[in-house]
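In case it helps, UniProt numbering puts the sequence shown at residues 1 to 291.
The structure appears below as structure tokens.
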Amino acid sequence: MKVSAPATIANFGPGFDVFGLCLEKPMDVIEVKLADEVEVKVEGYEVPEDPSRNVASVSALSLLGEVGVESGFKMKIKKGIRPTSGLGSSGASALGGALAIAKLLGVEDKETILRAALEGEKVASGTPHGDNVVPALFGGFVVLNSLFPLNVVKIDVKLKLVVVLPEVKVSTKKARELLPKYVPLRDAVKNLALASSLVLALEEGDIEEAGRLLDDYLAIPYRKPLIAWFDKVRRAALENGAYGLSISGSGPAVFALGDNLKEIGKAVVEAFEEEGIKAEYFISGVGGGAE
Ligand SMILES: Nc1ncnc2c1ncn2[C@@H]1O[C@H](COP(=O)(O)OP(=O)(O)OP(=O)(O)O)[C@@H](O)[C@H]1O
Ligand SMILES: N[C@@H](CCO)C(=O)O
């Protein structure tokens, strides 16, 4: 059984741990067949082949446990999403591992699949946040009201965006450890206003307005020690016509909405290079979710 699991942009501006957008590319491709032993083979970006440390095999094992099936499997992962990129690399693999076994066993219940996938996410980022695995499963733009019971609002938004991936690493685990336990009420209110307006703008297909709402007071300010270049690259994007730019997940990848996405991508790459950081950009539409 073969499953392709797409990259995702979690948080998407003000929607910390709640918003997620599925990308068309890049993706992980996970192939499994039932076997006596558990074996993981990886091609592409390097991730552990130890079944207890690879998020895809962890979630696959968790799915087997969820449905009470005693079996091993041979798993091949074509790792197309760079780990610690901020593009939901672990989330894609975690979902892909659970979904591949679920398809093999004829399990269709999304909550079962997501519960297993979150076991994989936990290995990578320490906490089971759903805003990569859920958009990777559903596709489109999702608002994750609750995981269990699963309550997701999906918007089939049509847009293209530019993603810029710098050659630096940001561990989600470390980025989450920087977060405060509490935030000032005024910041929570600002995010509430931004987030609700952003959903409305996306629902209406007003991408320019959506871009203007890409701000955040709950996570990005506290993560600046890991992304000291953020304000500079954001300024470069805005000065070159972007409607807005924000961090993808916990970073380091950033994304921007705008008309002239190529020029914006080039300007952001240049801004990174002025900071001594190599970067590359790509343009993607919205993906339809794992297949
Ligand atoms: N199949 C896998 N895919 C990706 N990362 C994996 C996988 N298996 C284990 N890992 C480990 O998980 C960590 C990556 O987790 P992290 O969440 O930081 O990256 P990410 O998922 O790309 O980022 P983000 O969650 O911000 O999008 C790395 O240490 C990596 O070795
Ligand atoms: N919402 C998560 C996304 C990680 O990809 C975080 O910001 O920690």
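Here a beta-carbon is modelled for each residue, glycine too, at the ideal position from N, C-alpha and C.
Predicted model, so just to flag it, every value in this text is computed and none were measured.
_Let me check one thing: in DSSP terms, what residues is residue 151 bridge-paired to?_
Position 151 of the sequence shown, counting from 1, holds the residue named residue 151. In DSSP, residue 151 forms a bridge with 146.
*Beta carbon of residue 93: closer than 7 angstroms to some heavy atom of ligand 1?*
What you label residue 93 is simply residue 93 of the sequence shown in a count that begins at 1. Yes, the Cβ of residue 93 comes within 7 angstroms of a heavy atom of ligand 1.
*Kindly indicate the opening and closing residues of the alpha helix (DSSP H) around residue 51.*
Here residue 51 refers to the residue found at position 51 of the sequence shown. Premise fails: residue 51 is in no alpha helix (DSSP H) and is neither H nor E.
*Within the structure, which residues are defined as neighbours of ligand 1 by a Cβ-heavy atom distance below 5 angstroms, reported in chain order?*
47, 54, 55, 56, 83, 84, 85, 86, 88, 89, 90, 93, 124, 125, 171, 172, 249, 250
_residue 210 Cβ short of 7 angstroms to ligand 2 heavy atom set_ = For this step, residue 210 is matched to residue 210 along the sequence shown. Residue 210: no, Cβ never under 7 angstroms from ligand 2.
*Three-state secondary structure (DSSP) at residue 96?*
Within the sequence shown, numbered from 1, the residue matching residue 96 stands at position 96. Here residue 96 carries a helix assignment [DSSP, helix/strand/coil].
*Is the Cβ-Cβ distance between residue 222 and residue 194 less than 8 angstroms?*
Residue 222 sits at position 222 when you count from the first residue of the sequence shown. Residue 194 sits at position 194 when you count from the first residue of the sequence shown. No, the pair does not count as a contact, with Cβ atoms beyond the cut-off.
*So does residue 145 have its beta carbon nearer than 7 angstroms to some heavy atom of ligand 2?*
Working through the sequence shown from its first residue, we reach residue 145 at position 145. Answer for residue 145: no, Cβ out of range of ligand 2.
*asked:* Please report the distance separating the alpha-carbon of residue 98 from that of residue 207.
replied: Locating residue 98 in the sequence shown gives position 98, where the first residue counts as 1. Locating residue 207 in the sequence shown gives position 207, where the first residue counts as 1. The alpha-carbon atoms of residue 98 and residue 207 are separated by roughly 33 angstroms.
*Take the Cβ of residue 121 as the centre, count every other Cβ of all protein chains shown within 10 Å, and call the residue buried at 16 or more, exposed below.*
Within the sequence shown, numbered from 1, the residue matching residue 121 stands at position 121. It is buried - the Cβ of residue 121 has at least 16 other Cβ atoms within 10 Å.
*asked:* For ligand 2, I want to know if residue 131 counts as a neighbour, meaning its beta carbon is within less than 7 angstroms of at least one of the ligand's heavy atoms.
replied: As a first step, residue 131 must be located in the sequence shown, where it is residue number 131. Correct: residue 131 has its Cβ closer than 7 angstroms to ligand 2.
*Could you say if the stretch 10-22 and the stretch 275-288 meet the contact criterion of at least three C-beta pairs nearer than 8 angstroms?*
yes
*Which partner residues does residue 166 have in the DSSP bridge list?*
By 1-based counting over the sequence shown, the position of residue 166 is 166. In DSSP, residue 166 forms a bridge with 279.
*How is the beta strand (DSSP E) around residue 39 delimited, first residue to last?*
Looking up residue 39 in the sequence shown gives position 39. DSSP places residue 39 inside the beta strand (DSSP E), whose first and last residues are 38-44.
*Residue interval of the beta strand (DSSP E) (run including residue 10)*: The sequence position of residue 10 within the sequence shown is 10, counting from 1. Run containing residue 10: 2-10, per the beta strand (DSSP E) assignment.
_Quick test of your reading: residue 249 and residue 86, contact by CB under 8 angstroms. State the CB separation rounded to the nearest angstrom._
Here residue 249 refers to the residue found at position 249 of the sequence shown. Here residue 86 refers to the residue found at position 86 of the sequence shown. Sure, about 4 angstroms apart at Cβ, within 8 angstroms.
*the stretch 265-282 in contact with the stretch 3-11 per 3-pair CB rule at 8 angstroms*: no
*Does the stretch 35-53 come within contact of the stretch 112-119, defined as at least 3 CB pairs closer than 8 angstroms?*
With the cut-off at 8 angstroms, the stretch 35-53 and the stretch 112-119 do not touch.
*Taking Cβ to Cβ, would you say residue 37 is nearer than 8 angstroms to residue 72?*
Within the sequence shown, the letter at position 37 stands for residue 37. Within the sequence shown, the letter at position 72 stands for residue 72. Result yes, Cβ atoms of residue 37 and residue 72 sit closer than 8 angstroms.
*Tell me which same chain residues have a C-beta within less than 6 angstroms of the C-beta of residue 145, skipping the five on either side of it?*
What you label residue 145 is simply residue 145 of the sequence shown in a count that begins at 1. 151, listed in sequence order.
*asked:* If I measure Cβ to Cβ from residue 29 and keep anything under 6 angstroms in the same chain, skipping five residues before and after, which residues do I get?
replied: If you number the sequence shown from 1, residue 29 lands on position 29. Excluding sequence neighbours, residue 29 sits near 4, 78.
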